[in-house]
Amino acid sequence: MRVLLLYPKFPKSFWSFEKALELVDRKAMLPPLGLATVAAILPQTWQYKLVDHNTRAITEAEWDWADLVILSAMIVQKEDFLAQIQEAKRRGKLVAVGGPYATALPHEAETSGADFLILDEGEITLPMFVEAVERGDRAGVFRANGEKPDVTTTPIPRFELLDFDAYDSLSVQFSRGCPFQCEFCDIIVLYGRKPRTKSPEQILAELERLYELGWRRSIFMVDDNFIGNKRNVKLMLKALKVWMAEHNYPFRFNTEASIDLASDQEMMDLMVECNFNAVFLGIETPDEASLALTQKFQNTRDSMSESVDTIVRSGLRVMAGFIIGFDGEKPGAGDRIVRFVEKTTIPTAMFSMLQALPDTALLHRLKKEGRLLEQDSGMNQTTLMNFIPTRPLEDIAHEYVEAFWTLYDPASYLDRTYRHFLKLGAPKCPSRVREVSWVNIRALLTLCWRQGVVRKTRVQFWLNLLGILRHNPKVWEPYLGVCALGEHFLEYRQIVKEQIEAQLQVYLEAEALHRTRSLDAA
Ligand code: SF4
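Laid out in structure tokens, this is it:
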């Protein structure tokens, strides 16, 4: 069986960073780790090619070669996911789909034209699919029915199928699931509340494989919550610390974690000693009432600004996610988020309007309350809320656009980044990850031209850079890397503004029409 693994395109998003990637000649931030893992679980007697549509087009020869096309996608990739299924069917291929989108919205995947739906976690459903194909079935739906696989049996992903040059960072996964119960979260719906971890030996074998294949840059640990199972993570980090020293620190790591990381100094020290550079925290909002209402209790136990400060001073750069539009939210939430981000100096603050994602506790509650709006399921930072909030939607949308605009004002962004890197202190780990190449020199010159000559904030850019070279010189490289992301945010805030305002206009017109009709009927 010849299998073409196909990863659909993402739309432009907060994380797509096209401008920054262009600077360093990369095509995408992260590779499709899920499809590389699928290739490792399926029979090794089958043949595989992997095409990430975010990095290049599929060739005619690849289409002709394939007997079977397998696609995996998240909800935001829906448009290209559906288009590629159509294309594969037009060419007479057998098509199988899986991943978070198909699992969360199987009724949409069922009407996509795909022959097989391989839902839930592949360790359980891929073998069912193989059995069906081997007995000659031409269609089927495979579900795990609530069962969660033991990830200690997951094989090493087929990393060699990936085009390393196309990516800024590679990824590995140590655990799945999260012990918390945030009402809006779909992670716990898809992967459960009992974090399941791989063994330290397993993760080291994956890293060894990447090392053998020549990778020497960043690796994102794409866990839902890296510290979900603290005991197992510490065991793994202790083994990783030794491995990293023995291999002369070939990688730097980034990950996502809950904010209670701040209360575990041993964990933070271990992460820093293993060359973890940055951590993404789901902060959501500084409003305690909203956090309690959305059942994000772990964010209410300690002062969040002190927690962020502790994490940064321990040597981990913080990125964070924020949401506006919680029930009972008081006016001015956008401003409060901006003030929090400024105070805590978080450069990369992902910000969106609250969405009720498929099958979440939030969605079920809103459905019961009759507050869901008919809306497309492709959700990201440029999508209006898909339910009726407790204060006027137009107020939330205006606050959101204004706060996004303010956060990514070039001067504020440079200032936050500067203060963050001063607070971070010098790296405590002897990082050997360095690439002196023409591409990097060109990227440096382009950045200095754009931000140090063309932009109005040029004086601030040079003064801050001199400040970094004087007070914390060892971080100049990642500091400039984060400054470079500002290129993307400047463009993206305009997209957010235009798209949210356009959707709001449509919403308000529909509301006005609805009111007129109701009055006429009365
Ligand atoms: S902490 Fe993050 S991953 Fe865990 S339930 Fe809350 S939102 Fe989901």
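The sequence shown runs -2 to 519 under this note's numbering.
Cβ atoms here follow ideal geometry from the backbone N, Cα and C, with glycine treated the same way.
Query	Result
Exposure of Val503, with buried meaning 16 or more beta-carbon neighbours within 10 Å	exposed
Val21, DSSP secondary structure in three states	coil
Collapsed DSSP secondary structure at Tyr504 in the structure displayed	helix
Straight-line gap, His511 to Ser69 (C-alpha atoms, nearest Å)	39 Å
Phe177 beta carbon near the ligand SF4 (any heavy atom closer than 7 Å)	yes
Arg333 at chain B interface by Cβ criterion, 8 Å	The question asks about chain B, but that chain is absent: this structure has only one protein chain.
Entirely enclosed alpha helix (DSSP H) segments - the region 310 to 372, minimum 4 residues	330 to 341, 358 to 365
Alpha-carbon spacing of His485 relative to Gly143, whole angstroms	40 Å
Touch test, the region 442 to 453 against the region 387 to 396, Cβ-Cβ under 8 Å, three pairs minimum	no
Classification of Glu474 by the beta-carbon crowding that lies within 10 angstroms, buried from 16 upward	exposed
One or two residues paired with Arg193 in a DSSP bridge	Arg173
Inter-residue Cα distance where the pair is Arg514 and Leu288	38 Å
Three CB pairs or more closer than 8 Å across the region 353 to 363 and the region 306 to 319	no
Proximal residues to Val433 (C-beta, below 7 Å), its chain only, five neighbours per side dropped	none
Option nearest Phe250 by Cα separation, candidates Thr282, Glu198, Gly312, Ala286	Gly312
C-alpha distance - Lys425 paired with Asn272, whole-angstrom precision	8 Å
At least three beta-carbon pairs within less than 8 Å, the region -2 to 10 to the region 456 to 473	no
For Glu253, the first and last residue of its enclosing alpha helix (DSSP H)	Here Glu253 belongs to no alpha helix (DSSP H); instead the beta strand (DSSP E) covers 249 to 254.
Cβ neighbours of Leu237 in the same chain (closer than 6 Å, five flanking residues each side left out)	Cys271
Distance cut-off 7 Å: Ser302 Cβ against heavy atoms of the ligand SF4	no
Distance cut-off 7 Å: Asp284 Cβ against heavy atoms of the ligand SF4	no
Alpha-carbon spacing of Ala519 relative to Gly329, whole angstroms	36 Å
Local conformation of Met218 per DSSP, three classes	strand
Collapsed DSSP secondary structure at Phe384 in the structure displayed	strand
Buried versus exposed, by CB contacts within 10 Å (16 or more), Gly31	buried
Contact test: Gly279 Cβ vs the ligand SF4 heavy atom, cutoff 7 Å	yes
Inter-residue spacing [alpha-carbon to alpha-carbon] between Leu65 and Ala85	9 Å
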